[in-house]
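Each residue of the sequence shown is one higher than the last, beginning at 898 in the working numbering.
What follows is a set of notes on a single structure, which appears directly below.
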Amino acid sequence: MQDRDLYQRILGIESPWYVESVELKLPDGEIHVHLAHQKLASWPCPECGADSKLHDHQPERQWRHLDTCQYQTILHAEPPRSECSEHGVRVVKLPWAEPMGRFTALFEALAIEWLKAASQKAVAEQMGLSWDEIHGIMERAVKRGLERRKAEPVSHLGVDEKAFRKGHNYLTLVNDLTGSRVLYVAEDRKQSSLDGFWPTLTKEQIDGIEAVAMDMWDPYVNSVREHVPEADSKIVFDKFHIAQHLGQGVDQVRRKENKTLRAAGDDRLAGTRYDWLRNPAAMEPKDRREFAELRKSGLKTARAWALKETAMAVYGYTYERPARKHFRWWYNWAVRSRLPPMIEVAGMMKRRFENIITYLRHRITNAGSESINAKIQWVKYTARGFRNKQNFIHAIYFHCGGLDLAPRSH
Ligand SMILES: [Zn+2]
């Protein structure tokens, strides 16, 4: 008798439900709590809440609940089914679990809280759950969170690609740069990958989009053009992606020149690859002095480097007119440089320039997603057990979606 009262209080079970019996299977490390309900004339329909007559009971089901002093605690009950005049025969809402759940809401809430901070492996071990159960809890949490998401304004977006495992296996991510959260994840990096995002927004949200940062990647460009009004004034090619192209140009020049120089016994460029990509201001004084010598050397690599630095100065302008003038001047210099890799990057930048200069108006880059990226790295690192992409996608939403994940009991 005392047992029953105690468990009723611990579980927070309320009328019409009560604890009928408690069975201690101590050798198995389990406690089984059997629930029953008072006879009720009517039950609320789970769909509309209307008083409905009891139709029958489902066979007994079990729910894993929070452990009691290291004993796995399992609830048992036969869920009643009501018969609503409008919705027919339905299983009523149970106060301790969501429909179809195999865990109580409290158990699942604890697992979710824990998963936010610890690896899946640690939570699985501590709570005695399988991988599938862990993934199921995460998947349900994400589904819940996405359904609860409100149509808030998302004025500044970042479209980013993420490599999944090695090789050409990508995910497309859409980040809310203001809210620092992932809004959408899709497989691949095709136009269709991004196309799936827009229907998740309301028309007001789409109209409220002011700018979208992205790599120079036509499938993304096309998707934004097809779905966002006045897209051409809103697409901002990511500054760091531009810098990366310029850096690759410098590196190609360096590699070729290094070969030529070494053939002549000159190894000034050997091992300098990363020096040309670094910010000299961040170097040790000694390295900086050495690098300054190289820069003044008149080597082709030094000219390519100067081209890169000068191109990036576009981003230092406040106003468009002088920035355009700077770029025209730079472009003429670049195409006369006789450095094919730099000429190629210059041509690409010229073609793409209208969506490079939009930076001055919107001032966004995908670096705004850096805290998200750091988290995704953590997700990748702590979850090497991803057997498929879908689990990885759920984990990204789970950790980076800014979602309300916890189940609610009734
Ligand atoms: Zn109903």
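For every residue, glycine included, the Cβ atom is placed at its ideal position computed from N, Cα and C.
Values in this document were obtained by computation on a predicted structure and should not be read as measured data.
Beta-bridge partners of residue i, as assigned by DSSP
{"i": "residue 902", "result": "For residue 902, which the question treats as bridged, DSSP gives no partner whatsoever."}
{"i": "residue 979", "result": "951, 987"}
{"i": "residue 1274", "result": "DSSP, once it has assigned bridges, lists no residue as partnering residue 1274."}
{"i": "residue 961", "result": "971, 1000"}
{"i": "residue 1111", "result": "1134"}
{"i": "residue 1026", "result": "Answer is none; residue 1026 lacks a bridge partner."}
{"i": "residue 879", "result": "Since the displayed the chain opens at 898 and closes at 1307, residue 879 lies outside it and no answer follows."}
{"i": "residue 1292", "result": "Per DSSP, none; premise fails for residue 1292."}
{"i": "residue 1006", "result": "Beta-bridge pairing links residue 1006 to no other residue."}
{"i": "residue 1032", "result": "Its beta-bridge partners do not exist; DSSP assigns none."}
{"i": "residue 933", "result": "915"}
For residue i, the first and last residue of its enclosing beta strand (DSSP E)
{"i": "residue 1120", "result": "Element bounds for residue 1120: not the beta strand (DSSP E) but the alpha helix (DSSP H), 1115-1124."}
{"i": "residue 950", "result": "948-954"}
{"i": "residue 1131", "result": "Looking at the DSSP string, residue 1131 is not in any beta strand (DSSP E), and its letter there is neither H nor E."}
{"i": "residue 1147", "result": "Residue 1147 -> not in any beta strand (DSSP E); alpha helix (DSSP H) instead, spanning 1136-1160."}
{"i": "residue 970", "result": "968-974"}
{"i": "residue 1082", "result": "1078-1084"}
{"i": "residue 1058", "result": "1053-1060"}
Any non-hydrogen atom of ligand 1 closer than 7 Å to residue i Cβ
{"i": "residue 984", "result": "yes"}
{"i": "residue 947", "result": "yes"}
{"i": "residue 944", "result": "yes"}
{"i": "residue 1297", "result": "no"}
{"i": "residue 981", "result": "yes"}
Limits of the unbroken alpha helix (DSSP H) element including residue i
{"i": "residue 1229", "result": "1217-1232"}
{"i": "residue 1191", "result": "1182-1192"}
{"i": "residue 1091", "result": "1088-1092"}
Residue i - DSSP class collapsed to helix/strand/coil
{"i": "residue 1000", "result": "strand"}
{"i": "residue 1254", "result": "coil"}
{"i": "residue 914", "result": "strand"}
{"i": "residue 1072", "result": "strand"}
{"i": "residue 1241", "result": "helix"}
{"i": "residue 941", "result": "strand"}
{"i": "residue 1204", "result": "helix"}
{"i": "residue 1106", "result": "coil"}
{"i": "residue 1301", "result": "coil"}
{"i": "residue 1261", "result": "coil"}
{"i": "residue 920", "result": "strand"}
{"i": "residue 1015", "result": "coil"}
{"i": "residue 1067", "result": "strand"}
{"i": "residue 994", "result": "coil"}
{"i": "residue 1210", "result": "helix"}
{"i": "residue 1038", "result": "helix"}
{"i": "residue 1048", "result": "coil"}
{"i": "residue 1167", "result": "coil"}
{"i": "residue 1174", "result": "coil"}
Residue i: CB within 7 Å of a non-hydrogen atom of ligand 3
{"i": "residue 982", "result": "No copy of ligand 3 appears in this structure; the ligands present are ligand 1."}
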